[in-house]
Amino acid sequence: MSRFRRAFAAITVCLVIPLAGAQDVKVHAYADVRLVDAPNDPSFVNGGPGRTRYGDGDTQARFGAAALVVTAQFTPALFALADMQLQQTDHASPQLTEAFLRYRPVSLSAWRASIKGGLYFIPISLENDGIGWTSPWTITPSAINSWVGEELRGLGAEAREEWRGDAGTLGFGGGLFRHNDPAGNILAMRGWSLSDLVYGVGGRLREPSDDGGRDQYAPFQSIGGRTGWYADASWKGASGLDLRVLRYDNRADPQAHRLYSDGDRLFAWRTRFWSAGASFPTGPITWIAQGMDGDTEVHPRQRTLLTHFQSGFLLAGWNRGAWRPTLRVERFRTWPSGERGHAVTAALNWRPSGWLRLTAEWLHVDATREDREDVGLAPHERGNQLQLLARVLY
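Once you know that position 150 of the sequence shown is 149 in numbering that gives the first Met the number 0, the rest is easy, because the numbers rise by one and skip nothing.
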């Protein structure tokens, strides 16, 4: 049994055994189906050059995903969460996306500290704060948070300190983690994508292929045994303003590798980036803006392959009772691959009841990537993905 699996098993035992004695246990869940009109390019999910979750020009009903989220408040200070999801990629696969314990002692002063350990999302996203790390605004998150859902996680520990004043809450935090060494691989090889797929322990990412190959790898594993880190700061104002900035460095050894998929080498990618974002309300409209800038590198056979990446988006969402229309615009690029593009997403959400969400979404992608010529396609691509979603929530 690998060290990661042993650590994961230990976390699971620590979460499950004490549930009977918890003061408050809550269960949340969702499942959705959708009618999809897909772009013509084969989807990256199946190893194709397309940027969206669905492709091949199909129009059909599909199962989207299902999630089961269990939270437990053992004491006023001790909290636990576990999130298991069933994702439909090129096959249905149950995956554990989060499982952590948090200790936050009750504080009577302005200062409040906490520590957290386990498998968890690094605090990057301002979009995805719904059940199972979903977005309440759109079906498909931005390119930034699509990548977060694919490759950015880790088994680690986080410490956080907050100062609470009349004007708002100032927070500082940081964490150490492992098992995120492949992060950056899919971004360098494939480029940015837009998808609501969330990968976890048990999931496999499909690499792009021009010969029908099915190379897949587990995105959360250790290659080289180094420990990565992140540090962040935040401000949550009493008026609703939410500001965040974060620095990430997985400190992976770019020469380390392991064999996978018929003897191919899966390298560790040294990935570093800055992320900054803001969320703020203006009347019934909520604005969310986020940007990311970084690079990832690997050193196969004494060579250095360095990929720079950037993306940013602006989202406007209207809160109109049961209705929530949303518009998002974004840009993204990587170089030296010659990838550059933009996307526009428009969604209309309707919550006729607390247990039901109905969403219509139009996603337009316009992008260029030079290596599309390797599979006989023009470098420039333009496509639309339409989805009608029905999601049942518990």
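Ideal Cβ placement from N, Cα and C applies to all residues, glycine included.
- With fewer than 16 neighbouring CB atoms inside 10 Å of its own CB, N39 falls in the exposed class.
- For I143, the uninterrupted alpha helix (DSSP H) segment begins and ends at A142 to E150.
- For L240, the secondary structure class from DSSP, reduced to helix, strand or coil, is coil.
- For the region 145 to 232, the full-length alpha helix (DSSP H) segments reaching 4 residues or more read 184 to 188 along the chain.
- Per the coordinates, the alpha-carbon of G153 lies some 11 Å from the alpha-carbon of F99.
- With distances taken between CA atoms, Y247 lies nearest to R269 out of T96, R269, L388 and V26.
- Counting the other CB atoms within 10 Å of its CB gives T295 a total of 16 or more, which places it among the buried residues.
- Only residues of its own chain outside the window of five on either side were considered, and among them V44 have a CB closer than 6 Å to the CB of T88, listed in chain order.
- For the pair of segments examined, the region 322 to 333 was found not to touch the region 174 to 185: the number of CB pairs separated by less than 8 Å stays below three.
- In the three-state reduction of the DSSP assignment, R371 falls in the helix class.
- For R50, the three-state secondary structure derived from DSSP is coil.
- Between the C-alpha atoms of G148 and R300 there is a straight-line separation of about 30 Å.
- 8 Å or more divides the Cβ of T226 from the Cβ of L304.
- In the structure shown, V105 adopts coil according to DSSP, grouped into three states.
- Under the three-state reduction of DSSP output, P75 falls in the coil class, being neither helix nor strand.
- DSSP places S134 in no beta strand (DSSP E); its state is neither H nor E.
- When DSSP assignments are scanned along the region 252 to 308, the uninterrupted stretches of beta strand (DSSP E) that are 3 or more residues long and fall wholly within it turn out to be 256 to 259, 263 to 266, 269 to 281 and 284 to 297.
- Counting of Cβ neighbours within 10 angstroms places Y393 among the exposed residues, the total staying below 16.
- DSSP lists no beta-bridge partner residue for A321.
- For R390, the uninterrupted beta strand (DSSP E) segment begins and ends at H379 to L392.
- By the criterion of at least three beta-carbon pairs nearer than 8 Å, the region 277 to 284 is not in contact with the region 249 to 258.
- For W349 and Q254, the gap between their C-alpha atoms comes out near 50 Å.
- Rounded to whole angstroms, the Cβ separation of T74 and Q22 is 7 Å, and the two are in contact under 8 Å.
- The three-state reading of DSSP puts N127 in coil, since its state is none of H, G, I, E or B.
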